[in-house]
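S.K.: Following this message is one structure expressed as structure tokens.
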Amino acid sequence: DLQQAQSKLDDAEGMKKNLQDRCRELEQDAATLKAQLLEKQAVQSENDRLKLQLGSVQTQNLVEQKKAEDERTNLAQLKDAYTKLFEDYNELKEERKKREARLVEKELVEQLQRQLTTAEEALAAKQSKIDMMTQEMLLKEKDLETISVFQAQAEVYSSDFYAERAAREKLHEEKERLAAQLEYVKKMNTQLQDEVDSLGRRSLNELQQRHVIPGGNPHGAGASLVGRSTDWQQQGNIPEHACPKCDEILPDLDSLQIHIMDCIN
Numbered sequence: 001d002l003q004q005a006q007s008k009l010d011d012a013e014g015m016k017k018n019l020q021d022r023c024r025e026l027e028q029d030a031a032t033l034k035a036q037l038l039e040k041q042a043v044q045s046e047n048d049r050l051k052l053q054l055g056s057v058q059t060q061n062l063v064e065q066k067k068a069e070d071e072r073t074n075l076a077q078l079k080d081a082y083t084k085l086f087e088d089y090n091e092l093k094e095e096r097k098k099r100e101a102r103l104v105e106k107e108l109v110e111q112l113q114r115q116l117t118t119a120e121e122a123l124a125a126k127q128s129k130i131d132m133m134t135q136e137m138l139l140k141e142k143d144l145e146t147i148s149v150f151q152a153q154a155e156v157y158s159s160d161f162y163a164e165r166a167a168r169e170k171l172h173e174e175k176e177r178l179a180a181q182l183e184y185v186k187k188m189n190t191q192l193q194d195e196v197d198s199l200g201r202r203s204l205n206e207l208q209q210r211h212v213i214p215g216g217n218p219h220g221a222g223a224s225l226v227g228r229s230t231d232w233q234q235q236g237n238i239p240e241h242a243c244p245k246c247d248e249i250l251p252d253l254d255s256l257q258i259h260i261m262d263c264i265n
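Note that the UniProt record's numbering numbers the sequence shown so that position 31 is 31, with each residue one more than the last.
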């Protein structure tokens, strides 16, 4: 019985060592995940910063859209003015032709020429302003496309963060389950150690009692030892074995160990 209990104790020690190794591996994995979590938190901070930046850009975009709308209105007004100036220019050209055809005086022709030159300069200025406003509108459209890219990037960062958090929570649950299993094995190991110590003390007391028996012939002593061993096996109280998890009492150590493994699993 002592050897069997020692064997069970060795098995429990092996199981305890395996679980401790597993816990160390999980702690290393947890440290790795913690580093990854810090990295993800940095990404989340960057994501939040991008969201704030996106909100600022969106606000600025609304302002820019308002400006663009105003500029479109101004552009329409400039186009109308340009059209009117062009019509006036054509009218001046036609008027000059008519006056030249009528052989108007030189001063009148010069005056018309000055008016024509002024109209051409105003027309060129309006055209330049229209080109500049068109270029600004193209730049604002590119800014709107950049805002869309920032928004898509922020959504990708958010999805990666939530997936990593789910994996970390699952690993934490696995670690807690193994820690509970290790605690049960530790309790079983302590109980087995106590039983081995108790069995060793009982065996030592039994041997001492045999050696202090009064003298007799060798055959009589042998018969007495055999009789005492048989009486101890028949009259000795079998210790009760209780499951450390559900407190169920088993008749022997083997049944207890089998029950504990099933109960833990």
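Yeah, the Cβ is synthetic: ideal placement off N, Cα and C, and Gly gets one too.
#1: Hey, would you say Leu9 sits closer than 7 Å to Leu253, going by beta carbons?
#2: Going by DSSP, which residues form a beta bridge with residue 316?
#3: I'd like to know whether the C-beta of Glu107 is nearer than 7 Å to at least one C-beta of chain C.
#4: Could you check if His172 is buried or exposed, using at least 16 other CB atoms within 10 Å of its CB as the buried criterion?
#5: Taking contact to mean at least 3 C-beta pairs separated by less than 8 Å, is the segment 82 to 90 in contact with the segment 54 to 70?
#6: Distance, Cα to Cα, Lys93 vs Lys67?
#7: My guess is that Leu26 and Lys187 are in contact by the Cβ rule of under 8 Å, so how many angstroms apart are they, rounded?
#8: Please go through the same chain and pick out, in chain order, the residues whose beta-carbon is closer than 7 Å to the beta-carbon of Arg168, but skip the five residues on each side of it.
#9: How many Å lie between Asn75 and Lys142 at the Cα?
#10: What do you get for Lys40, buried or exposed, if any count of 16 or more other CB atoms within 10 angstroms of its CB means buried?
#11: Thinking Leu78 and Lys129 are a contact (beta carbons under 8 Å), I'd like their distance in whole angstroms, please.
#12: Taking the straight line between their C-alpha atoms, what separation do you get for Gln127 and Lys98?
#13: How many whole angstroms separate the CB atoms of Glu71 and Glu136, which I take to be in contact at a CB cut-off of 8 Å?
#14: What first and last residue would you give for the alpha helix (DSSP H) that runs through Asp88?
#15: Have a look at Val63, Leu50 and Lys16 and flag the residue whose alpha-carbon is nearest the alpha-carbon of Ala180.
#16: Could you tell me which of Ala31, Ala81 and Leu182 sits nearest to Leu123, measuring between CA atoms?
M.R.: With the given structure in hand:
#1: no
#2: Since the first residue of the chain shown is 1 and the last is 265, residue 316 is not available in this structure.
#3: Among the chains of the structure shown, chain C does not appear; only one protein chain is present.
#4: exposed
#5: Touching, no, given that fewer than three Cβ pairs across the two stretches are closer than 8 Å.
#6: 37 Å
#7: Actually they do not touch by this definition, with Cβ atoms about 20 Å apart.
#8: Excluding positions up to five away in sequence, the list reads Leu33 and Leu37.
#9: Looking at the sequence itself, residue 75 is Leu, so the reference to Asn does not match. Computed Cα separation, rounded: 20 Å.
#10: buried
#11: About 6 Å; that satisfies the 8 Å criterion.
#12: 28 Å
#13: 7 Å
#14: Leu2 to Ala101
#15: Lys16
#16: Ala81
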